[in-house]
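Here's the structure, in structure tokens; my notes come after.
Residue numbers (our numbering), protein chains in the order written: chain A, 8 to 403; chain B, 8 to 403.
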């Protein structure tokens with residue numbers, strides 16, 4: 008298979024938007040195409056993540072209408088739905104179609120409107136990413152991750168009050184980064200949280216408070232992928248796809264230990280194996296911090312910290328810029344927002360910016376990192392997807 | 008890219024089922040795996056079409072739960088939603104992952120429950136595959152194809168009464184085949200329709216009567232794809248994927264002439280080009296006869312007949328077994344049923360059976376065909392996908 012490069016990325020402002028899914032994606036796609044310097048005739052296929060379009064807008068099969076809106080002709084256009092991991096699944100598929108030699112240049116991304124639905128309906132429809140019996144008991148994602156926090160406390164012998172303080176540091180860090188990211192939903196908000204602010208914000212699902220939870224968001228994201236062999240015709244600084252992973256988990260109730268997602272371990276390892284890299288090679292990470300406890304768990308599943316140590320490491324600053332593994336310097340889902348089907352390529356956008364040294368001051372890892380990774384979760388452990396990006400091509 | 012073969016297929020009975028989407032897919036998948044003689048450890052990824060799971064069952068991200076149900080471990084599992092073309096899009100993607108060399112063996116298919124929704128709600132949710140503004144006017148698929156019939160009559164100067172008689176022959180033919188196909192929804196029903204029966208059945212959307220329209224259905228379908236190089240380890244008669252196509256159309260109101268879908272022309276040509284074949288090489292066709300007029304239009308778009316001649320050709324028997332291009336010998340959507348997200352791989356199942364000489368007596372093309380094709384439509388011209396299958400490998 009051929010090497011593949013990302014030569015342009017686009018990203019709407021996240022937050023409440025009056026735009027539809029089609030306009031959100033189009034805005035991001037046009038940014039990406041302009042950044043890459045590619046014209047409409049160059050794009051051979053479109054891959055888009057969208058999760059809740061049927062519920063939010065009464066539009067399911069959105070992909071061909073996106074191609075039409077962007078005037079891309081009759082190119083194949085495919086919608087991917089893998090709950091909150093939809094956009095990474097779309098990106099990974101786009102990668103394969105270029106790596107295989109079938110296409111030289113494709114457009115991938117995601118789009119989502121959730122705020123139009125209101126929180127109660129959005130929460131219920133989000134739960135459609137869970138096991139059919141579990142979601143019908145009334146279990147929604149805040150409840151799932153609340154249980155995960157309690158279990159983490161028990162499994163690792165960290166008193167829940169202490170764990171809540173450590174979790175608060177995830178919220179403080181990611182909101183701090185989001186507050187200086189102009190694309191973030193909480194730009195200029197929550198930039199100076201204290202542990203007490205997180206602990207004392209409204210309780211959502213014990214022990215998770217509002218500031219432990221990512222918001223509902225609207226947004227669109229896009230990336231242009233092309234064969235690495237032609238990437239330098241378009242940019243002096245292509246970013247290469249070094250590895251991708253995807254894996255599946257089953258119902259929550261059938262998982263042996265919900266603080267150690269087997270599918271996340273499998274997906275991250277798949278990406279590392281393809282890239283010929285290990286966690287210590289990753290210099291910046293954008294990861295699925297849907298809840299504060301989720302970031303702690305994923306850092307362990309992906310191999311960045313030993314089991315039971317990521318909460319302490321977070322409190323010590325090891326996941327902030329300057330630490331062992333700078334995590335979510337864009338603000339993550341907590342600070343930047345979470346337009347479900349668009350989030351995966353928002354993470355890829357953030358890593359591309361980091362590797363190009365273009366992240367905003369305060370969020371840019373220094374020195375400019377060579378290799379970064381994304382971690383994207385769909386459902387409560389059902390769909391996991393990872394991408395590793397680098398400034399240099401894969402070593403053969 | 009490598010050649011790819013289909014080494015096993017599975018298909019539930021179509022019609023009303025008390026089973027869920029997961030059980031329907033699992034039934035078909037187990038059939039396909041048993042036919043191929045492959046075990047759980049052999050399958051490296053799962054690709055599934057599903058359209059309305061969120062509406063019918065409150066389950067959106069079904070793919071990982073299918074992998075779990077089938078005990079396939081943490082393999083990547085992806086849901087594709089391309090309206091009624093979902094399963095062919097999933098199959099085409101599965102094909103690419105094997106052709107690229109990324110995987111040696113994958114499972115692809117589709118699953119859908121629609122009857123649990125009831126006709127009015129199912130009709131409205133089906134319309135989510137259309138343009139967002141057009142669907143919100145109240146336009147549903149029977150109305151779209153009714154307009155197509157009126158336009159066809161006008162464009163080609165065939166009086167509508169005469170056209171309705173010709174369209175009735177599509178219904179007669181496909182119901183005749185469905186009536187002897189034990190997997191068909193209308194098995195042992197409508198096997199001896201007359202033109203008057205079709206014309207006089209209840210009016211749905213003038214000029215389309217009930218017998219001009221395919222039914223809502225429940226069903227699951229599956230296929231095992233593998234690298235052609237290893238196919239003969241599993242079967243003496245692999246069926247090879249010779250070409251695939253996919254293309255996108257925009258809103259109905261922006262199409263110049265709705266009797267000539269540009270996306271269908273583009274997708275079919277893509278498949279023919281990859282296969283190095285032309286319409287005259289195709290000996291059996293399974294095609295998207297969602298309405299009788301749809302079959303007439305698709306035969307022209309795919310190049311089997313000149314514009315404006317397929318209605319006459321149908322009346323003359325040229326699309327029946329023994330004619331120029333035997334079309335829908337399985338019964339098609341009209342006679343076999345249309346479980347939206349499963350239909351594409353039902354068509355592939357039917358072509359595989361034909362190429363193996365295993366179709367039921369009366370439906371088997373004689374002599375056993377060497378090359379067959381599928382045509383699958385999603386929405387009202389939005390997503391088109393084609394697959395060409397053959398008993399011999401592609402000529403290089």
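Even glycine gets a Cβ: it sits at the ideal position worked out from N, Cα and C. These figures come from a predicted structure and were not determined experimentally.
Q: Starting from residue 28/A, trace the alpha helix (DSSP H) both ways and give me its first and last residue.
A: 28 to 43
Q. When the Cα atoms are used, what is the spatial distance from residue 324/B to residue 299/B?
A. 14 Å
**Q.** Residues near residue 322/B by beta carbon distance below 8 Å, same chain, minus five either side
**A.** 172, 173, 176
Q: Look at residue 344/A and residue 56/A and say whether their C-beta atoms are less than 8 Å apart.
A: no
Q | Beta-carbon neighbours of residue 86/B, restricted to chain A and to distances below 7 Å | A | 88, 89
Q. Does the pairing of the segment 205 to 212 of chain B with the segment 359 to 367 of chain B give three or more beta-carbon distances under 8 Å?
A. no
Q | Within 8 Å, strictly: CB atoms of residue 391/A and residue 271/A | A | yes
Q) Do residue 11/A and residue 232/A come within 8 Å of each other at the CB atom, strictly closer than that value? A) yes
Q | Cβ-based contacts, 9 Å cut-off: residues of the segment 58 to 75 of chain B near chain A | A | 58, 59, 60, 61, 62, 64, 65, 66, 67, 68, 69, 70, 71, 72, 73, 74, 75
Q: Enumerate in chain order the residues of its own chain whose CB-to-CB distance from residue 78/B is below 6 Å, with the five nearest sequence positions on each side excluded.
A: 47
Q: Over the uninterrupted beta strand (DSSP E) stretch that includes residue 217/B, give me the two end residues.
A: No beta strand (DSSP E) contains residue 217/B, which DSSP labels as neither H nor E.
Q) What number of angstroms, rounded off, separates the C-alpha of residue 157/B from the C-alpha of residue 167/B? A) 7 Å
Q. Does residue 82/B have its Cβ less than 8 Å from a Cβ in chain A?
A. yes
(Q) So if I threshold CB-CB distances at 7 Å, which residues from the segment 114 to 138 of chain A count as touching chain B? (A) 135, 136, 138
Q. How about residue 380/B: is its C-beta nearer than 8 Å to some C-beta of chain A?
A. no
Q. If we cut at 8 Å on Cβ distances, does residue 10/B have a partner in chain A?
A. no
Q) Rounded C-beta distance between residue 118/A and residue 124/A? I'm assuming under 8 Å. A) Actually they are not in contact, since the Cβ atoms of residue 118/A and residue 124/A sit about 15 Å apart, beyond 8 Å.
Q | Continuous beta strand (DSSP E) assignments of at least 3 residues falling wholly in the segment 184 to 272 of chain B | A | 210 to 212, 226 to 234, 246 to 255
Q: Consider the Cβ of residue 103/A: report whether some Cβ of chain B lies at a distance smaller than 8 Å.
A: yes
Q: Check distances from the C-beta atoms of the segment 255 to 271 of chain B to those of chain A and list, in chain order, the residues that come in under 8 Å.
A: 255, 256, 257, 258, 261, 269, 270
**Q.** residue 393/A - containing beta strand (DSSP E), residue span
**A.** 390 to 397
Q) Do you know how far the Cα of residue 368/A is from the Cα of residue 284/B? A) 57 Å
**Q.** Option nearest residue 195/A by Cα separation, candidates 8/A, 22/A, 251/A, 161/A
**A.** 22/A
Q) Any beta-carbon of chain B closer than 8 Å to the one on residue 96/A? A) yes
(Q) Using a Cβ-Cβ distance cut-off of 8 Å, determine whether residue 192/A contacts chain B. (A) no
Q. So is residue 144/A in contact with chain B if we call contact Cβ pairs under 8 Å?
A. no
Q. With a Cβ-Cβ cutoff of 8 Å, do residue 72/B and residue 138/A count as a contact?
A. yes
Q | Beta carbon proximity, residue 38/A to chain B, threshold 8 Å | A | no
**Q.** residue 350/B at chain A interface by Cβ criterion, 8 Å
**A.** no
**Q.** chain A contacts from the segment 285 to 302 of chain B (Cβ-Cβ distance under 7 Å)
**A.** none
(Q) Can you tell me whether residue 210/A is buried or exposed? The criterion is at least 16 other CB atoms within 10 Å of its CB, across all chains shown. (A) exposed
(Q) DSSP three-state label for residue 385/A, please. (A) strand
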